[in-house]
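Under UniProt numbering, residues 1 to 297 are what the sequence shown spells out, in order.
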Amino acid sequence: MTKPTLADLTAFSAVATHRSFRRAADALGVSRSSLSHAMLALERDLGVRLLNRTTRSVSPTEAGEALLARLAPVLRDLDDALDAVADARGNPSGTLRINANESAARLLLKTVVPLFLKRFPSMALDLVAEGRLVDIVERGFDAGVRLGESVPRDMVAVRISDDLRFVVVAAPSYLSGRTPLITPDDLRNHDCIRQRLPSGKRYRWEFRKHGEEMAIDVPGVLTLDHNGLMVEAASDGLGLAYVPESTARDWLDDGRLVTVLEDWCPFIPGLCLYYPGHRHVPAGLRAFIDVLREVNH
């Protein structure tokens, strides 16, 4: 039997954990075909099948589960040891993978990322902008960035922005001659620019005032999936849009848009960076958090 390399075992652990060649390949930074060939070679060298494969899924065999159970703590201990060495020399290295929505990614690129990469030249940053909320552990990310209310409860969260709010905006030309909006129910008599969420569902506009909460499935013939496009459509008079206030700020400041139903649009917790609390925090992530706190101080 040929003794497998550390790279082979790490690759097997990634495939068995993610239960997907594509996600494992993304996490490892290799091609899916090369990863598949490596797993076939590993099984051939060990003389046992480790993975059950179908056209749509992959899962460990009984032998694969047994190997993974013994291998996982060994790989974690190895990561901890390497992180300890990095801490000792004060120069973390490796790749830090962060999953964020587009607005969060833009914020990080303007604030934290330049200082982080300058201060830690041995670190590489893989920042993935993705609309839908993903399982960062399953997808092989070190951390995620989302609005505070979307952070899973079992995660450690670090605030990276002030509270924010969504507002209903419209062009003055659209509102001219129309009945004023007093409550969210009045939206049912207006043209609204609806939002398609990354999950494929349409967003129900959510409002709150004095403890009363409402979620309105607004009417409208136009549906978009990008806040910036919704702001532009609203400024062109195509209807009402419900967007982050920061996204519409320039249009509001110069009068191209105005807000309605402001007293129904409370502030909500801002963006947070989050990571698993039950796992060892890599040196690179700790360094990133330190820079994050410094920038936001």
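Think of the CB as a built atom: it goes at the ideal place given N, C-alpha and C, for glycine as much as any other residue. Predicted, not measured: the structure shown is a model, and the values here were computed from it.
Assuming residue i and residue j make a contact with CB atoms under 8 Å, what is their CB distance in whole Å?
| i | j | result |
| --- | --- | --- |
| Leu71 | Leu9 | 6 Å |
| Ala248 | Leu240 | Actually they do not touch by this definition, with Cβ atoms about 12 Å apart. |
| Gly64 | Leu51 | 6 Å |
| Asp162 | Gly284 | Rounded, the Cβ-Cβ distance is 26 Å, inconsistent with contact. |
| Ala69 | Ala38 | Not a contact, Cβ separation roughly 21 Å. |
| Ala16 | Pro60 | 5 Å |
| Ile160 | Asn296 | 6 Å |
| Cys272 | Gly148 | 5 Å |
| Val58 | Phe116 | The pair is not a contact, with the Cβ atoms about 35 Å apart (cut-off 8 Å). |
| Ile289 | Val158 | 6 Å |
Would you list the one or two residues that DSSP bridges to residue i?
| i | result |
| --- | --- |
| Leu107 | DSSP lists no partner for Leu107. |
| Glu206 | Ala215 |
| Met155 | Pro276 |
| Ser122 | Beta-bridge pairing links Ser122 to no other residue. |
| Asn101 | Looking at the DSSP assignment, Asn101 forms no beta bridge with any residue, so it has no partner. |
| Val113 | Looking at the DSSP assignment, Val113 forms no beta bridge with any residue, so it has no partner. |
| Ser33 | Per DSSP, none; premise fails for Ser33. |
At the level of alpha carbons, what is the spacing between residue i and residue j?
| i | j | result |
| --- | --- | --- |
| Leu261 | Arg196 | 22 Å |
| Leu42 | Met123 | 30 Å |
| Gly144 | Tyr174 | 38 Å |
| Arg286 | Leu35 | 30 Å |
| Arg194 | Ala170 | 13 Å |
| Leu46 | Thr2 | 7 Å |
| Arg204 | Gly131 | 17 Å |
| Lys201 | Met155 | 26 Å |
| Leu78 | Asn91 | 18 Å |
| Ala14 | Leu28 | 8 Å |
| Val168 | Leu108 | 26 Å |
| Asp250 | Val231 | 10 Å |
| Thr223 | Arg188 | 16 Å |
| Ile268 | Thr54 | 44 Å |
| Pro282 | Tyr274 | 13 Å |
| Val291 | Ser103 | 19 Å |
Between the options, which lies nearest to residue i when the distance is taken from Cα to Cα?
| i | options | result |
| --- | --- | --- |
| Glu245 | Asn227, Gly29 and Val113 | Asn227 |
| Pro198 | Leu181, Ala129 and Phe166 | Ala129 |
| Arg208 | Val112, Phe288 and Asp263 | Asp263 |
| Ala100 | Leu238, Thr17, Thr54 and Ile136 | Ile136 |
| Ser235 | Thr223, Gly255 and Glu102 | Gly255 |
| Leu133 | Arg119, Val151 and Asp142 | Val151 |
| Val218 | His280, Tyr242 and Thr95 | Tyr242 |
| Val221 | Ala233, Thr183 and Pro276 | Ala233 |
| Arg165 | His280, Ala157, Glu62 and Thr259 | Thr259 |
| Gly277 | Arg153, Pro4, Arg44 and Arg23 | Arg153 |
Please work out which residues of its chain come closer than 8 Å, Cβ to Cβ, to residue i, disregarding the five sequence neighbours upstream and downstream, and give them in chain order.
| i | result |
| --- | --- |
| Asp26 | Arg139 and Gly140 |
| Pro184 | Trp205, Phe207, Met214, Ile216, Leu261 and Trp264 |
With a threshold of 7 Å on Cβ separation, who are the neighbours of residue i within its own chain once the five nearest residues in sequence on each side are excluded?
| i | result |
| --- | --- |
| Arg106 | none |
From the beta carbon of residue i, is the nearest beta carbon of chain D less than 8 Å away?
| i | result |
| --- | --- |
| Ile182 | Note that chain D does not occur in the displayed structure, where there is just one protein chain. |
Only counting the same chain, and skipping five residues up and downstream in sequence, which positions put a Cβ closer than 6 Å to that of residue i?
| i | result |
| --- | --- |
| Gly237 | Ala171, Ser173 and Tyr174 |
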